[in-house]
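Visitor: Quick mapping for you: the protein sequence lines, in order, are chains S and Y. FYI, in this note's numbering the residues of the first sequence are 68 to 233. FYI, in this note's numbering the residues of the second sequence are 50 to 440. Yeah, the Cβ is synthetic: ideal placement off N, Cα and C, and Gly gets one too. The structure follows.
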Amino acid sequence: MSFVFYLLAALTVAGGLAAVLLKNTVHCALALTVAFAGLAFLYLNLDAQFAGFAQILVYIGAVAILVVFAILLTKGSETPKDGVFSKTWLAGLVVAAGVFAVLGWAVLQTAPMLPKATPAPAVTVGQIGNALVDRYVLPLEIVAVLLTVALIGAVIVAMHDKERTR
Amino acid sequence: MIDKLDQIFVLLRQWVVGFLPAGWQTAAGVLLSVVVIVAFFPALFALTVWMERKGLGRIQNRLGPNRVGPFGLLQPIADGIKSLTKEDIVPLSADAVVHLLAPLMLVVAVFMGFAVLPMGRNMVLVDMDAGLLFFFAMGASTEVAVFMAGWSSRNKYSLLGAMRAVAQMISYEVVLLLSSVVVVMITGSLSLTKIVEAQNQYTWGLPHWYIFTPWGLAGFVMYSIAATAETNRSPFDLPEGESELVAGYHTEYSGFKFALFFLGEYLAMFSISGMGATLFLGGWSAPFSFLGWVPSWIWFFSKLMVSIVVFIWMRGTLPRLRQDQLMNFAWKFILPLCLLNLFVAALWRFMGEGWLRWVVCSAILFVAYVALGRIEMRSEHFGPRRYRYAE
Chain S
68 MSFVFYLLAA
78 LTVAGGLAAV
88 LLKNTVHCAL
98 ALTVAFAGLA
108 FLYLNLDAQF
118 AGFAQILVYI
128 GAVAILVVFA
138 ILLTKGSETP
148 KDGVFSKTWL
158 AGLVVAAGVF
168 AVLGWAVLQT
178 APMLPKATPA
188 PAVTVGQIGN
198 ALVDRYVLPL
208 EIVAVLLTVA
218 LIGAVIVAMH
228 DKERTR
Chain Y
50 MIDKLDQIFV
60 LLRQWVVGFL
70 PAGWQTAAGV
80 LLSVVVIVAF
90 FPALFALTVW
100 MERKGLGRIQ
110 NRLGPNRVGP
120 FGLLQPIADG
130 IKSLTKEDIV
140 PLSADAVVHL
150 LAPLMLVVAV
160 FMGFAVLPMG
170 RNMVLVDMDA
180 GLLFFFAMGA
190 STEVAVFMAG
200 WSSRNKYSLL
210 GAMRAVAQMI
220 SYEVVLLLSS
230 VVVVMITGSL
240 SLTKIVEAQN
250 QYTWGLPHWY
260 IFTPWGLAGF
270 VMYSIAATAE
280 TNRSPFDLPE
290 GESELVAGYH
300 TEYSGFKFAL
310 FFLGEYLAMF
320 SISGMGATLF
330 LGGWSAPFSF
340 LGWVPSWIWF
350 FSKLMVSIVV
360 FIWMRGTLPR
370 LRQDQLMNFA
380 WKFILPLCLL
390 NLFVAALWRF
400 MGEGWLRWVV
410 CSAILFVAYV
420 ALGRIEMRSE
430 HFGPRRYRYA
440 E
């Protein structure tokens, strides 16, 4: 729990808070990008180089752009007249607190079961690649199928619009 | 003596850092390297701006700038002073914070990319195991900066330019990454120093550069096209075309912020050319084994400058591509060829040494290129010009 960890955690939490509290939707999307960057630096702090750079490449380079495009191409960028907070915010807060309590309890329960203070394994990209095609080949193939389905679905959604206007 | 000249920058750094107490030496060494990079590449940028203006001028049958200094060599300095003293105009309805942050984020992301380029033997700033991935991650961060610039200006032309730029950058990012994956497949490592070392071998005096293999040549051509599109350079410069969208996403920027965008674009050109040289042209290795006595950093920067000259040449020669032509080109033509290139590289690896793999791989790539080109162009009619008049 070093100083760098607290700094990065503060950056991530600040980004996340800004993403829900700011008025302008595009500002919220940019704050979300800051939260993604904070997560990437946290991965790098744990010496997980591949996870950190993949986080930057995928989340900041693609997902953030996607979110921003979605905001711009729809009418979502205008803030609604009656504010952005819903009327049932107390129920939402209780549910979120309950989920957080369950997750925190689960994490704290498993902490004593971990081996004591082993040095962090230096995972090279080669080992990740080997694991992906060796032990985790089924999840890899399922993710590939999922991406193909998403691509085909996007093409179909775009195609239908053109046929209707003809 | 030749070794010393080759490692002169490393030795200089060690000598300077030797004056400090032992605890501070590594940090001071890294800081010194960072300062040198941040000082050197903008100087190279000034030289490139001069080269571009003179080069474009000569291609267009006119002299470039020739008033300021001999042959106009001091023109970039005049440009720099001008941009520093111009008024910084921020539109009233613009989003001031995002408007300020956009060029900063662009320049920071582009400078980060220089950290993993091996500029000579033992001359990498950070020797990362996943160096290639880091480079492309920084390249992806520039797209957010471009979007921020276009959106925060509250200007229809800026927004249009930003949207076009981001769409183009995302499409060609896929091509860029896929054409680099071929190199990673054959080398077996994402580390840029290992990729250069794998190309630093010689057979009968000729180097093992990846561009001299069929899949490497195809990969290099696709990488260059994608690099031209990623840096919004002609013939892919519709997002910032002067006659199209005023100036695209940097319309509302004046003074030093505009200079920062300009700097960011040229630095991105340098780093992507440097990466292309590392991946396909052998990085800092010499073209022939008998030329190994020339320092390695001279080879790297020569390859970089040759790539820049080719960029300038393409800008002066080729017409601009329209947005839909650009997108079709990326998704329908280059992307299938990239995927085929992956297959051909795998075939190369598993066919074993010999002349057969050269013939088979070259044949597959050539036939696919011609066939795909013919298929894409079958709806175009090339014949005598038809005129359509307004009725």
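Decide if the stretch 245-256 of chain Y is in contact with the stretch 323-337 of chain Y; the criterion is three or more beta carbon pairs, one per stretch, under 8 Å apart.
Guide: Yes, they touch.
Visitor: Excluding five sequence neighbours on each side, which residues of the same chain lie with their C-beta closer than 7 Å to the C-beta of Leu199 (chain S)?
Guide: So the qualifying residues of the chain are Leu207.
Visitor: Helix, strand or coil, according to DSSP, for Arg233 (chain S) in the structure here?
Guide: Low confidence applies to Arg233 (chain S): its pLDDT is 48, below 50, so where it sits in the model is not reliable, and the reading given next is rough at best. Reduced to three states, the DSSP call for Arg233 (chain S) is coil.
Visitor: Within its chain, find whatever has a CB closer than 8 Å to the CB of Leu370 (chain Y); leave out the 5 residues flanking it on each side and keep chain order.
Guide: Excluding sequence neighbours, Leu370 (chain Y) sits near Pro284, Phe285, Leu287 and Phe378.
Visitor: Should Asp286 (chain Y) be flagged as near chain S, meaning a C-beta pair shorter than 8 Å?
Guide: Chain S, which has no Cβ nearer than 8 Å to the Cβ of Asp286 (chain Y), makes this no.
Visitor: With DSSP as the reference, identify every bridge partner of Thr252 (chain Y), one or two as the case may be.
Guide: DSSP, once it has assigned bridges, lists Y:Leu255 as partnering Thr252 (chain Y).
Visitor: Which class does Asn112 (chain S) belong to by DSSP, given the choice of helix, strand or coil?
Guide: The answer is helix: DSSP assigns Asn112 (chain S) an H, G or I state.
Visitor: Determine the closest residue to Glu301 (chain Y) out of Y:Ser142, Y:Met376 and Y:Val215, with distance taken between C-alpha atoms.
Guide: For Glu301 (chain Y), the nearest C-alpha among the options comes from Y:Ser142.
Visitor: So with Cβ pairs under 8 Å, would you call Leu97 (chain S) a contact of chain Y?
Guide: True, the Cβ-Cβ gap to chain Y drops below 8 Å.
Visitor: Output yes or no for whether 8 Å exceeds the beta carbon distance between Gly341 (chain Y) and Gln248 (chain Y).
Guide: Their beta carbons are not under 8 Å apart, which means Gly341 (chain Y) does not touch Gln248 (chain Y) by this criterion.
Visitor: Does Ile219 (chain Y) come within less than 8 Å of chain S when only Cβ atoms are used?
Guide: Yes, its Cβ sits closer than 8 Å to a Cβ of chain S.
Visitor: Measure the CB-CB distance between Gly210 (chain Y) and Gly297 (chain Y) and report whether it falls below 8 Å.
Guide: Result yes, Cβ atoms of Gly210 (chain Y) and Gly297 (chain Y) sit closer than 8 Å.
Visitor: Do the CB positions of Pro344 (chain Y) and Leu54 (chain Y) come within less than 8 Å of each other?
Guide: Yes.
Visitor: For the candidate residues S:Lys90, S:Leu84, S:Leu170 and S:Leu160, whose alpha-carbon lies nearest to that of Phe103 (chain S)?
Guide: Of the listed residues, the one whose Cα sits closest to Phe103 (chain S) is S:Leu84.
Visitor: Taking the straight line between their C-alpha atoms, what separation do you get for Asp114 (chain S) and Val230 (chain Y)?
Guide: Their backbone Cα atoms lie some 23 Å apart in a straight line.
Visitor: Starting from Leu89 (chain S), follow the alpha helix (DSSP H) in both directions and report where the run begins and ends.
Guide: First-last for Leu89 (chain S): undefined, no H or E at that position.
Visitor: Is there a C-beta anywhere in chain Y that falls below 8 Å from the one on Gly128 (chain S)?
Guide: Output row for Gly128 (chain S): interface = yes.
Visitor: Tell me which residue opens and which closes the alpha helix (DSSP H) that Ser303 (chain Y) is part of.
Guide: Element bounds for Ser303 (chain Y): n/a, residue is neither H nor E.
Visitor: Does Ile123 (chain S) get closer than 8 Å to chain Y when you measure Cβ to Cβ?
Guide: True, the Cβ-Cβ gap to chain Y drops below 8 Å.
Visitor: Could you name the residues of the same chain whose beta carbon sits closer than 7 Å to that of Ser201 (chain Y), not counting the 5 residues immediately before and after it, in chain order?
Guide: Only Ala143, Asp144, Val147, His148 and Ala151 meet the Cβ criterion.
Visitor: How would you list, in chain order, the residues of chain S whose beta-carbon sits under 7 Å from the beta-carbon of Asp178 (chain Y)?
Guide: Those are Gln116, Thr191 and Val192, listed as they occur along chain S.
Visitor: In whole angstroms, give me the CA-to-CA distance for Asn115 (chain Y) and Arg107 (chain Y).
Guide: So the alpha carbons of these two residues sit roughly 12 Å apart.
Visitor: Are the CB atoms of Leu93 (chain Y) and Phe319 (chain Y) nearer to each other than 8 Å?
Guide: In this structure, Phe319 (chain Y) lies closer than 8 Å to Leu93 (chain Y) by Cβ.
Visitor: Let me check you understand the geometry: is the CB of Val71 (chain S) closer than 7 Å to at least one non-hydrogen atom of the ligand PLP?
Guide: With respect to the ligand PLP, the structure offers nothing, as it holds no ligand at all.
Visitor: Pair every Cβ in the stretch 121-129 of chain Y with every Cβ in the stretch 380-390 of chain Y, then say whether three or more of these pairs are closer than 8 Å.
Guide: Short answer: they don't touch.
Visitor: Alpha carbon to alpha carbon, what distance is there between Leu175 (chain S) and Phe19 (chain Y)?
Guide: Summary: the structure shown does not reach residue 19 (chain Y), with chain Y confined to residues 50 through 440, and so no result is reported for it.
Visitor: Of all the residues that make up the stretch 213-224 of chain S, which are near chain Y by a beta-carbon distance shorter than 7 Å?
Guide: The residues in question: there are none.
Visitor: Could you tell me the alpha carbon to alpha carbon distance between Tyr436 (chain Y) and Phe350 (chain Y), rounded to whole angstroms?
Guide: Roughly 50 Å separates the two Cα atoms.
Visitor: Going by CA-CA distance only, name the one from Y:Pro167, Y:Ala198, Y:Ala158 and Y:Gly118 that's closest to Pro140 (chain Y).
Guide: Cα-wise, what sits closest to Pro140 (chain Y) is Y:Ala198.
Visitor: Measuring CB atoms only, is the stretch 172-189 of chain Y touching the stretch 153-164 of chain Y, in the sense that at least three cross pairs come out at less than 8 Å?
Guide: Flag = yes, the stretch 172-189 of chain Y and the stretch 153-164 of chain Y touch.
Visitor: Quick one: what does DSSP say Trp172 (chain S) is sitting in, helix, strand or coil?
Guide: The answer is helix: DSSP assigns Trp172 (chain S) an H, G or I state.
Visitor: Just to confirm the assignment: which complete alpha helix (DSSP H) runs, minimum length 4, are found wholly within the stretch 383-439 of chain Y?
Guide: Listed in chain order, the complete alpha helix (DSSP H) runs (minimum 4 residues) inside the stretch 383-439 of chain Y are 384-400 and 404-425.
Visitor: Under 8 Å between C-beta atoms, does Phe68 (chain Y) make it to chain S?
Guide: Cβ-Cβ to chain S under 8 Å: no for Phe68 (chain Y).
Visitor: Could you name the residues of the same chain whose beta carbon sits closer than 7 Å to that of Ser428 (chain Y), not counting the 5 residues immediately before and after it, in chain order?
Guide: There are no such residues.
Visitor: Could you compute how far the alpha carbon of Val195 (chain Y) sits from the alpha carbon of Leu155 (chain Y)?
Guide: Going by the C-alpha atoms only, they are around 7 Å apart.
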